[in-house]
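Residue numbers (this note's numbering): 1436 to 1729.
C-beta atoms are modelled at their ideal positions from N, C-alpha and C, and glycine is treated no differently.
First up is the structure itself, then whatever we jot down about it.
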């Protein structure tokens, strides 16, 4: 059988790929936040991991490979886009406009990626369909001492996980000094991150043991990956801008919630598409949408 060799971000080495079960090869890749059209930088991980998906199907058989790539449809950027439309006179409630924006953005994304010739994943979970699993996982983390509730927020206790920082190769203290850390009075430690936060009446929210609210970004992927792929699976991928904090936090909460598993065995990251030495991004305005160039 052909052997695939992959560069693992966690070990920083090239490794022979050996799946947990050759008859059930599993891969999870972080997908888009659905608030606007995809640009070329957004398309890059789709194409990179589409190539890997095809290789896995070729080596292990299409029926033996499961590929999950999510849609993040709970996010402040979606809310802000919908609010701008409402302020411009669009009919409907803010919550209706948020749902409408998510639906149309997913449709655009499918059309663009189909036009690029990529295969659709086995599963394309939406975060809003897995809120129950997220709440259950957060509850479990609290029970195990890895999370705490304060001022209607639930936060992950970073120092409770001794392997935190292994993926990004930095200590917690180094991260505090130089990373994107939200300082808030309800945190026990500056590095603790949000698992659940309160939501206002006009924004999407769900009832929970900690009040009406919505999940933090990181818990979404952990809950969806666990539900679809199990405690341990083969490959987790995404852009290298996700290594910290997103993937570091995913590892911590997943391994603490499900210590019997290993979460992802191989971590793979694609480089960013750059324009004149800077990452292509909507915030910098240096992007071209896929639709513009098709």
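Roughly how many angstroms lie between the CA atoms of residue i and residue j, to the nearest whole one?
{"i": "residue 1694", "j": "residue 1571", "result": "15 Å"}
{"i": "residue 1650", "j": "residue 1567", "result": "10 Å"}
{"i": "residue 1500", "j": "residue 1533", "result": "34 Å"}
{"i": "residue 1487", "j": "residue 1620", "result": "44 Å"}
{"i": "residue 1637", "j": "residue 1563", "result": "16 Å"}
{"i": "residue 1503", "j": "residue 1460", "result": "11 Å"}
{"i": "residue 1558", "j": "residue 1664", "result": "10 Å"}
{"i": "residue 1551", "j": "residue 1622", "result": "44 Å"}
{"i": "residue 1712", "j": "residue 1721", "result": "11 Å"}
{"i": "residue 1704", "j": "residue 1668", "result": "16 Å"}
{"i": "residue 1441", "j": "residue 1453", "result": "10 Å"}
{"i": "residue 1728", "j": "residue 1708", "result": "15 Å"}
{"i": "residue 1607", "j": "residue 1626", "result": "7 Å"}
{"i": "residue 1717", "j": "residue 1471", "result": "9 Å"}
{"i": "residue 1464", "j": "residue 1490", "result": "15 Å"}
{"i": "residue 1598", "j": "residue 1687", "result": "8 Å"}
{"i": "residue 1652", "j": "residue 1681", "result": "8 Å"}
{"i": "residue 1455", "j": "residue 1639", "result": "38 Å"}
{"i": "residue 1654", "j": "residue 1569", "result": "6 Å"}
{"i": "residue 1527", "j": "residue 1481", "result": "33 Å"}
{"i": "residue 1605", "j": "residue 1524", "result": "48 Å"}
{"i": "residue 1539", "j": "residue 1522", "result": "19 Å"}
{"i": "residue 1542", "j": "residue 1549", "result": "11 Å"}
{"i": "residue 1635", "j": "residue 1628", "result": "20 Å"}
{"i": "residue 1450", "j": "residue 1492", "result": "19 Å"}
{"i": "residue 1546", "j": "residue 1513", "result": "20 Å"}
{"i": "residue 1642", "j": "residue 1580", "result": "22 Å"}
{"i": "residue 1696", "j": "residue 1520", "result": "44 Å"}
{"i": "residue 1644", "j": "residue 1706", "result": "40 Å"}
{"i": "residue 1517", "j": "residue 1505", "result": "21 Å"}
{"i": "residue 1592", "j": "residue 1618", "result": "14 Å"}
With distances taken from CA atoms, which of the options is nearest residue i?
{"i": "residue 1595", "options": "1658, 1689 and 1561", "result": "1689"}
{"i": "residue 1529", "options": "1541, 1515 and 1538", "result": "1515"}
{"i": "residue 1424", "options": "1672, 1585, 1665 and 1678", "result": "As displayed, the chain neither begins before 1436 nor continues past 1729, which places residue 1424 out of reach and without an answer."}
{"i": "residue 1497", "options": "1457, 1472, 1629 and 1511", "result": "1457"}
{"i": "residue 1657", "options": "1635, 1683 and 1637", "result": "1683"}
{"i": "residue 1448", "options": "1701, 1717 and 1721", "result": "1701"}
{"i": "residue 1600", "options": "1440, 1471, 1554 and 1446", "result": "1446"}
{"i": "residue 1673", "options": "1436, 1453 and 1466", "result": "1466"}
{"i": "residue 1666", "options": "1708, 1609, 1685 and 1678", "result": "1685"}
{"i": "residue 1511", "options": "1662, 1537 and 1505", "result": "1537"}
{"i": "residue 1485", "options": "1556, 1473 and 1540", "result": "1556"}
{"i": "residue 1544", "options": "1565, 1531 and 1479", "result": "1479"}
{"i": "residue 1609", "options": "1679, 1473 and 1531", "result": "1679"}
{"i": "residue 1692", "options": "1576, 1548, 1451 and 1546", "result": "1576"}
{"i": "residue 1444", "options": "1710, 1699, 1726 and 1725", "result": "1699"}
{"i": "residue 1676", "options": "1451, 1473 and 1477", "result": "1477"}
Could you check what DSSP says for residue i in three-state terms: helix, strand or coil?
{"i": "residue 1525", "result": "coil"}
{"i": "residue 1724", "result": "strand"}
{"i": "residue 1508", "result": "coil"}
{"i": "residue 1704", "result": "strand"}
{"i": "residue 1628", "result": "strand"}
{"i": "residue 1671", "result": "strand"}
{"i": "residue 1680", "result": "helix"}
{"i": "residue 1503", "result": "strand"}
{"i": "residue 1619", "result": "coil"}
My assumption, with CB atoms under 8 Å, is that residue i sits in contact with residue j. Please give the rounded CB distance.
{"i": "residue 1560", "j": "residue 1659", "result": "5 Å"}
{"i": "residue 1469", "j": "residue 1438", "result": "Residue 1469 to residue 1438, Cβ: 37 Å. No contact."}
{"i": "residue 1573", "j": "residue 1631", "result": "6 Å"}
{"i": "residue 1475", "j": "residue 1715", "result": "6 Å"}
{"i": "residue 1603", "j": "residue 1646", "result": "At roughly 32 Å, the Cβ-Cβ gap does not stay under 8 Å, so residue 1603 and residue 1646 are not in contact."}
{"i": "residue 1582", "j": "residue 1590", "result": "6 Å"}
{"i": "residue 1483", "j": "residue 1436", "result": "Not really, about 23 Å apart at Cβ, beyond 8 Å."}
{"i": "residue 1662", "j": "residue 1565", "result": "6 Å"}
{"i": "residue 1473", "j": "residue 1725", "result": "5 Å"}
- Can you list, in chain order, the stretches of the alpha helix (DSSP H) that have 4 or more residues and sit fully within the segment 1551-1608? Secondary structure remark: continuous alpha helix (DSSP H) runs of at least 4 residues inside the segment 1551-1608, in chain order: 1566-1578.
- Message: Extract the residue ranges of the alpha helix (DSSP H) inside the segment 1438-1495, only unbroken runs of 4 or more that lie entirely within it.
- Response: For the segment 1438-1495, the full-length alpha helix (DSSP H) segments reaching 4 residues or more read 1475-1495 along the chain.
- Start-end ranges of the beta strand (DSSP E) lying completely within the segment 1635-1667, minimum 3 residues: Runs found: 1648-1650.
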